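Everything below concerns the one structure shown next.
Numbering (our numbering), first residue to last: 23 to 350.
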């Protein structure tokens, strides 16, 4: 028998603290750093973002998103036999125990389900989906919990106005289940480590001391140029694998980093902007959490319906990029 994987539930979580551009600009002004709502919106499309409280970790937000996804799927936590969690801000320094294992424990999953973190920055959720799709199709697992969770506010330099205004915190999750009907129609992943320097956290630990910076660095122009090029290409690659063309896409849900990148991708795919799900204006860039956050928002407000074709795609540090074409 041929197995497929299908999305059967979505969920998300945003920290209660919402910070508008006006509020952030006022906070930065106290440090002598000049910015404004107009400056931020014109360059990114972002009007607000959410910040987690100091005692809230990636796993805490991941658990809440997972609970909503489980409820939507009509499942209990112990129905899950695979957890893949994408994050660049794990609970523990060094990344272990993995945040996926922490989430497994917090959800009360006691069935020995496999659990692992994936690090592909803003493309992490697409990488996690592709991995789960392959494992479900192989027959080794039946129900996977895929999560993107980030507390990027912890790695931002609030003296660098070009980056600190762009990112936010949050988590999104989906449940993927083995199915006799196609759900995930195609996935395609790429990476090019030669571009690693344009988006990174360049610090490392040597003899217990952080060498270099522990804050995010981004060459915005270089990232923009690369992103608009690879996102169109990888979307078309996924379409080709599935034997489809862009006119069959009902919704484009790209990584929510910059409205201009999203608009450019839609234009290259000849998709009208009203087919693009946009949450970057209210969420900012939540890295690996951005795609599942946007997907859940569109599912819950009724835009994304069962049977529709959705293109999910992301690009992030590494440099990594990927796409997943899905029939909901």
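The C-beta atom is built at its ideal place from N, Cα and C for all residues, glycine as well.
In this text, all values refer to a predicted model and were calculated from it rather than measured experimentally.
**Item:** Straight-line gap, residue 56 to residue 209 (C-alpha atoms, nearest Å)
**Value:** 42 angstroms
**Per DSSP, cross-strand counterpart(s) of residue 352** = As displayed, the chain neither begins before 23 nor continues past 350, which places residue 352 out of reach and without an answer.
**Request:** Please name the residue, chosen from 79, 301, 89, that lies closest to residue 131 on a Cα-to-Cα basis.
**Result:** 89
**Asked** Who are the near neighbours of residue 138 in its chain, counting only those whose CB is closer than 7 angstroms to its CB and skipping five residues on each side?
**Response** 106, 120, 122
**Asked** With distances taken between CB atoms, is the gap from residue 110 to residue 309 smaller than 7 angstroms?
**Response** yes
**Prompt:** Could you give the uninterrupted runs of the alpha helix (DSSP H) lying entirely in the stretch 137-193, keeping only those of 4 residues or more?
**Reply:** 146-160, 183-186
**Asked** Does the beta-carbon of residue 267 have 16 or more other beta-carbons within 10 angstroms, so that it is buried, or is it exposed?
**Response** exposed
**Request:** Could you name the residues of the same chain whose beta carbon sits closer than 7 angstroms to that of residue 129, not counting the 5 residues immediately before and after it, in chain order?
**Result:** 85, 88, 99
**Item:** residue 314 - DSSP class collapsed to helix/strand/coil
**Value:** helix
**Prompt:** How is the beta strand (DSSP E) around residue 210 delimited, first residue to last?
**Reply:** 206-213
**Message:** Please state whether the Cβ-Cβ distance between residue 31 and residue 197 is less than 7 angstroms.
**Reply:** yes
**Request:** Provide the residue(s) that pair with residue 365 in DSSP beta bridges, ordered along the chain.
**Result:** Limits of the chain in this structure are 23 at one end and 350 at the other, which puts residue 365 out of reach.
**Prompt:** Since residue 222 sits in a beta bridge, which residues does DSSP pair it with?
**Reply:** 239
**Request:** Check the C-beta distance from residue 192 over to residue 349 and give it rounded, since I have them as a contact under 8 angstroms.
**Result:** That belief does not hold up - the Cβ atoms of residue 192 and residue 349 are roughly 26 angstroms apart, past 8 angstroms.
**Message:** Rounded to the nearest angstrom, what separates residue 154 and residue 223 at their Cα positions?
**Reply:** 27 angstroms
**Request:** Grab the span of the alpha helix (DSSP H) containing residue 283 for me, first residue to last.
**Result:** 281-290
**Prompt:** Does the Cβ of residue 83 have 16 or more other Cβ atoms within 10 Å, making it buried, or fewer, making it exposed?
**Reply:** buried
**Asked** Going by C-alpha distance, which of 126, 249, 142 is nearest residue 136?
**Response** 126
**Asked** Between the stretch 172-182 and the stretch 335-342, do at least 3 Cβ pairs fall closer than 8 angstroms?
**Response** no
**Item:** Short Cβ contact (7 angstroms threshold) for residue 257 with residue 202
**Value:** no
**Asked** When the distance is taken between beta carbons, is residue 140 closer than 7 angstroms to residue 150?
**Response** yes
**Item:** Nearest-angstrom beta carbon gap, residue 33 and residue 94 [assumed within contact, 8 angstroms]
**Value:** 6 angstroms
**Prompt:** Three or more beta-carbon pairs under 8 angstroms between the stretch 236-250 and the stretch 295-306, yes or no?
**Reply:** no
**Item:** C-alpha gap between residue 58 and residue 189, whole angstroms
**Value:** 16 angstroms
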